[in-house]
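J.: Residue numbers (the UniProt record's numbering): 1 to 249.
Here a beta-carbon is modelled for each residue, glycine too, at the ideal position from N, C-alpha and C.
My questions will all concern the structure given below.
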């Protein structure tokens, strides 16, 4: 639009005998977003295949064609490599925001892959969180169940609001015992994500809040020792004077 309110024509580029008008910036931006959406589909396909085969995603990525039909897009490769590199952190982030009794392995495979991709974009890239969430939700609606969009929306929103998540690193053997005791004494905090209750169904019975019940003792209780009376002494002396004869019985 010109300063006089008239629409301006897009610049014309001469290509051979053809005159081609260049697309506007808005259309270019839309094309870039469309390209990334297609790249996310490629990343989903590669990560899904790797998860199914139990193979490193980077290995599957390396076997994909790069110069023939449907080559792997750079952003797809970035997502695959990023999820593979940060898998431990991503597993922890997703697990922290799952409902009680749910684990990564219980999730449908497509949902699990999309959750990892979305979490990677949220925690490790400059992609806006709403974009990362909406893209995962859209792919979930296309390739998974009817419940997937709402599930992924809640899960990734929790990750976006409460991440990044600190990874628990194993304590070194050389740690000062006093420091280890102090660390153990501090209560473990959990992010207020989808839920803070990490108790799996049925596990509460293993941890009685009242503590274990002491069993009743079965050891015999010895009678208190009383000093002998004069009558007891007389009976003992009489028995010594007249021992029983086994042969007479």
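Would you say residue 155 and residue 114 are within 7 Å of each other, going by their C-beta atoms?
T.: Taking the first residue of the chain shown as 1, we reach residue 155 at position 155. Taking the first residue of the chain shown as 1, we reach residue 114 at position 114. Against a cut-off of 7 Å, the Cβ pair of residue 114 and residue 155 comes out as no contact.
J.: What number of angstroms, rounded off, separates the C-alpha of residue 103 from the C-alpha of residue 35?
T.: Here residue 103 refers to the residue found at position 103 when the chain shown is read from its first residue. Here residue 35 refers to the residue found at position 35 when the chain shown is read from its first residue. Going from the Cα of residue 103 to the Cα of residue 35 covers about 32 Å.
J.: Give me the Cβ distance between residue 59 and residue 109, rounded to the nearest whole Å; I'm assuming they're in contact under 8 Å.
T.: To locate residue 59, count along the chain shown from 1; it is residue 59. To locate residue 109, count along the chain shown from 1; it is residue 109. Contact flag wrong, Cβ pair sits at about 18 Å.
J.: Could you check if residue 161 is buried or exposed, using at least 16 other CB atoms within 10 Å of its CB as the buried criterion?
T.: The residue labelled residue 161 in the question sits at position 161 within the chain shown. Flag for residue 161 reads exposed.
J.: So, is residue 105 buried or exposed, given that buried needs 16 or more other C-beta atoms within 10 angstroms?
T.: What you label residue 105 is simply residue 105 of the chain shown in a count that begins at 1. Residue 105 comes out exposed.
J.: In angstroms, rounded to a whole number, what distance separates the CA positions of residue 289 and residue 153?
T.: The structure shown does not extend to residue 289, since the chain is modelled only from 1 through 249, so no value can be given for it.
J.: Quick one, which of 43, 54, 124 has its alpha-carbon nearest residue 71's?
T.: As a working mapping, residue 71 is identified with position 71 in the chain shown. Nearest of 43, 54, 124 to residue 71, Cα basis: 43.
J.: Go to residue 85, then tell me how far its alpha helix (DSSP H) extends in each direction, as first and last residue.
T.: Here residue 85 is taken as the residue at index 85 of the chain shown, counted from 1. Its alpha helix (DSSP H) spans residues 74-85.
J.: Going by beta carbon distance, what residues of the same chain come within less than 8 Å of residue 144, once the five residues before and after it are set aside?
T.: Taking the first residue of the chain shown as position 1, residue 144 is located at position 144. These residues qualify, in order along the chain: 108, 110, 111, 114.
J.: Quick check on residue 53: does DSSP put it in helix, strand or coil?
T.: Counted from its first residue, the chain shown places residue 53 at position 53. Three-state DSSP puts residue 53 in a helix.
J.: Any beta carbon from chain D within less than 7 Å of residue 111's own beta carbon?
T.: As a matter of chain content, chain D is missing from the structure shown, which is built from one protein chain.
J.: Can you tell which of 65, 93, 46, 74 has the C-alpha that lies nearest to the C-alpha of residue 159?
T.: Working through the chain shown from its first residue, we reach residue 159 at position 159. Nearest C-alpha to residue 159: 93.
J.: If distances are taken between C-alpha atoms only, which option among 57, 76, 65 comes closest to residue 38?
T.: Walking along the chain shown from the start, residue 38 turns up at place 38. Minimum Cα distance to residue 38 is reached at 76.
J.: For residue 226, which residues from the same chain have a beta carbon less than 7 Å from its beta carbon, with the 5 sequence-adjacent residues on both sides left out?
T.: As a position in the chain shown, residue 226 is number 226, starting the count at 1. Interpretation of residue 226 is limited by its pLDDT of 49, a score under 50 that renders its predicted location unreliable; no figure is taken from the coordinates.
J.: Is DSSP giving residue 35 helix, strand or coil here?
T.: Start at 1 with the first residue of the chain shown, and residue 35 comes out as number 35. Correct three-state label for residue 35: helix.
J.: My output table needs one value for residue 112: the three-state DSSP class, helix, strand or coil.
T.: Here residue 112 is taken as the residue at index 112 of the chain shown, counted from 1. Reduced to three states, the DSSP call for residue 112 is helix.
J.: Does the beta-carbon distance from residue 84 to residue 65 come in below 7 Å?
T.: Here residue 84 refers to the residue found at position 84 when the chain shown is read from its first residue. Here residue 65 refers to the residue found at position 65 when the chain shown is read from its first residue. No; because the gap between Cβ atoms is not below 7 Å, this pair is not in contact.
J.: Express the C-alpha separation of residue 129 and residue 90 in angstroms, rounding to a whole number.
T.: In the chain shown, counting from the first residue as 1, residue 90 sits at position 90. In the chain shown, counting from the first residue as 1, residue 129 sits at position 129. Each residue's Cα considered, the two are about 15 Å apart.
J.: Comparing C-alpha positions only, which one of 74, 87, 150 sits nearest to residue 134?
T.: Start at 1 with the first residue of the chain shown, and residue 134 comes out as number 134. Taking only the C-alpha atoms, the option nearest residue 134 is 150.
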